[in-house]
Amino acid sequence: MLNRIHSTEDIKKLNGEEMAVLCKELRKFLLQKVSKTGGHLASNLGVVELTVALEYCFDLPKDKIVWDVGHQAYIHKILTGRKEGFDHLRQLDGLSGFPKPNESDCDAFAAGHSSTSISAALGLAKARDLMGGKEHVIAVIGDGSMTGGLAYEALNNAGKEHTNLIVILNDNQMSIDTNVGAMSRHLNNLRTSNQYRGWKEAVKQFRNNVPVIGEGTYQVLKNVRDGAKMLLTHGALFEQLGFKYIGPVDGHDLPELIELLQNVKEMNRPVLIHVKTIKGKGYPYAEERPWDYHGVGAFDLKTGLPTSKGGKSWSAVFGEKMVEIGKKNPKVVGITAAMSSGTGYEKFQRAFPKRFFDVAIAEQHGTTFAAGLAKGGITPVFAVYSSFLQRAYDQIVHDVCMQNLHVVFAIDRAGIVGADGETHQGVFDLSFLSHIPNMTVLSPKNGWELEEMLDFAVNKWDGPIAVRYPRGTAETAFSENKQPIEYGKAELIQEGEKIAILAEGHMLKAAADAAKLLEADGFHPMLVNMRFIKPLDEAMLRKAAENCAHIVTVENNLRRGGFGSKVMEFYGDKGIQADILNLAFPDKYIEQGTQAQLFERYGLDAAGIYESIKKRLGE
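Quick note on the working numbering: the sequence shown kicks off at 6 and runs consecutively.
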């Protein structure tokens, strides 16, 4: 059946039995492809019937479906002519794992971060109204995204606009980790409010059986029914915000979904459909442990186990060190934004459950919450992905740094992350953190140095401080170099002349390999592990300029405003003459690919660094 689908128009030619077969084939196809390429699996297995129903009922690309985050859009991609691209999903120059309008005009809005869909959909709906259009606009949100504050800002705005907008809440009780917080409990209450559904049906049956009761009597009954709804669904939050609430409905009952969507198309007002789905549906391992199959690498379909295992990850090093720190320092608490497993915080969570806080997908709140804890004498360590920390920029500036509060930011997935592409590359944090007053920024060269920097940040510092480290297996190179961390001090790896290579964090390994290539050509470069990006080790920078005519900076960040820019600024401000070569990522959004591929493409592997230096030397 799947071979017959080349566009959403082909779905409309299928009958009910054929669509049921299509759903089975879609799950099989998805499992076969993602088990080889890796990707977001469990969330997509859960939306098969919902996606088929949407694309059966609506006319793409005229109608607009906005997928929140986008990690639920694989089925949508398969059904909109991109099935063949799944052999290269999330690979260099291949099919993106997120909606991309430049891939297909059926992708209404680009996404990769949480809670944006309702805002974007409302914008599209109001643009339609202003342009005199008639198309439908649908936002599909869920998989934890309703725990993000932006979703409620959008709901509040959309409800008062009284425009034709459909919001589908895909309620699978999960984000990456299990949903937490009051909103999750509210949805659980809605999900189980059989009393209200029974009352609603009774009023409807009474009206149908006694058609001559009169409008006045029916309105009284309707008011009673609505009052029951307010009582039994704890305030009917969505209706109070101006939406017509429908649900909860079975997100795997395809005929019911189709009938419901066809009816909702006729409502010219904001509507929210509460759809209940099972994350990971159709694959037992993913149903049992959806958090483990949210984002996966390649795995064995029969066993569900990864096909390759690396060494200890940076996240694991962080998590284990935090347990050690927590045992010694009772004032330390952990904070995460729905990413306890992703950041390696599970062991700390188990060891100190009362000192661990999952704030859900709410980095802004998490940051100001941390500021409040710090003001109260607690030392919070907020573990957060670099690309997600962007949401909390104002809170870092205004709530943490302006008051010079001791909040520790453990910035995971800093630099290039790889296959998730533009939306997830953590190549901005050095630029947006290092210019904020009172902020200290460190970057470790290997796993041991991460442990030492965490200890320094928690126990030996008093102020805003960030430790940024990459995705993947923690470096073990330079393990023999175990000089203690001193505030604002770099680590001299080797003396040299003519060329000084100043490396940020784990980029030291590639820089050192490039230095060996230069040594084979007769050069003897100076090699420095900077450790501190802010403040820079000014004495080391002076030493480099005194001994070497050429200064090379290497970093896993965008060039603009990054580590290299700070070095240039220092030399310029001090009037020190030096030929400076900044090696970093260019001023663009960096595409998907493996980390190794992207470092090679942008000249940040050992060979690329070597070639750039030789070119600068004129050789």
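Ideal Cβ positions, reconstructed from N, Cα and C, are used throughout, including at glycine.
Keep in mind the model is a prediction, meaning the values are calculated, not measured.
In the structure shown, residue 466 adopts coil according to DSSP, grouped into three states. Assigned with DSSP and collapsed to three states, residue 420 falls in strand. Secondary structure at residue 390: strand, using DSSP grouped into helix, strand and coil. Separation of residue 334 and residue 541 (C-alpha to C-alpha, rounded to the nearest whole angstrom) is 29 Å.
Rounded to the nearest whole angstrom, the C-alpha separation of residue 445 and residue 393 is 19 Å. Counting only runs of at least 4 residues, the segment 282-354 fully encloses the following alpha helix (DSSP H) elements, listed from N- to C-terminal order: 289-293, 319-333. Distance check between residue 366 and each of 358, 356, 474, 344 places 344 closest, using alpha-carbon atoms only. Collapsing the DSSP output to three states places residue 173 in a strand. By alpha-carbon distance to residue 548, the top candidate from 560, 306, 532, 619 is 532. In the same chain as residue 596, and ignoring 5 residues on each side of it, the C-beta atoms closer than 7 Å to its own belong to 426, 427, in chain order. If one requires a minimum length of 4 residues, the alpha helix (DSSP H) runs lying completely within the segment 79-151 are 79-82, 122-136, in chain order. In the assembly as shown, residue 105 is a buried residue. Its beta-carbon has 16 or more other beta-carbons within 10 Å. Within its own chain, the residues whose Cβ lies closer than 7 Å to the Cβ of residue 90, once the five positions on either side in sequence are excluded, are 99, 100, listed in chain order.
Beta-bridge partners assigned by DSSP to residue 72: 145. DSSP places residue 568 in the helix class (H, G or I) of the three-state scheme. Ranked by Cα distance from residue 555, the first of 571, 587, 538 is 587.
Boundaries of the alpha helix (DSSP H) around residue 260: 259-269. One alpha carbon belongs to residue 523, the other to residue 413, and they sit about 38 Å apart. Below 8 Å, enough C-beta pairs join the segment 283-292 and the segment 39-57 to call them touching: three or more. Taking 8 Å as the cut-off, the Cβ atoms of residue 490 and residue 618 do not count as close. Shown here, residue 518 sits in a helix according to DSSP, grouped into three states. A direct Cα-Cα distance of roughly 44 Å separates residue 45 from residue 530.
If you check the CB distance, residue 325 and residue 359 do not come in under 8 Å. Collapsing the DSSP output to three states places residue 581 in coil.
As the crow flies, the alpha-carbon of residue 272 is around 40 Å from that of residue 92.
Per the coordinates, the alpha-carbon of residue 9 lies some 10 Å from the alpha-carbon of residue 18. A straight-line Cα-Cα distance of about 12 Å links residue 594 and residue 564.
In this structure, the beta-carbon distance from residue 280 to residue 252 falls below 8 Å.
Between residue 278 and residue 123, the CB-CB gap reaches or exceeds 8 Å. Under the three-state reduction of DSSP output, residue 503 falls in the coil class, being neither helix nor strand. With respect to residue 515, residue 611 sits close: the two C-beta atoms are nearer than 8 Å.
Within the same chain, and ignoring the five residues on either side of residue 321 in sequence, the residues whose Cβ sits closer than 6 Å to its Cβ are 349.
Residue 415 sits in a strand when the DSSP states are folded into three classes. Sorting 118, 69, 150, 528 by C-alpha distance to the C-alpha of residue 132 places 69 at the top. Boundaries around residue 545 are those of the alpha helix (DSSP H), 543-552, since no beta strand (DSSP E) includes it. 8 Å or more divides the Cβ of residue 339 from the Cβ of residue 375.
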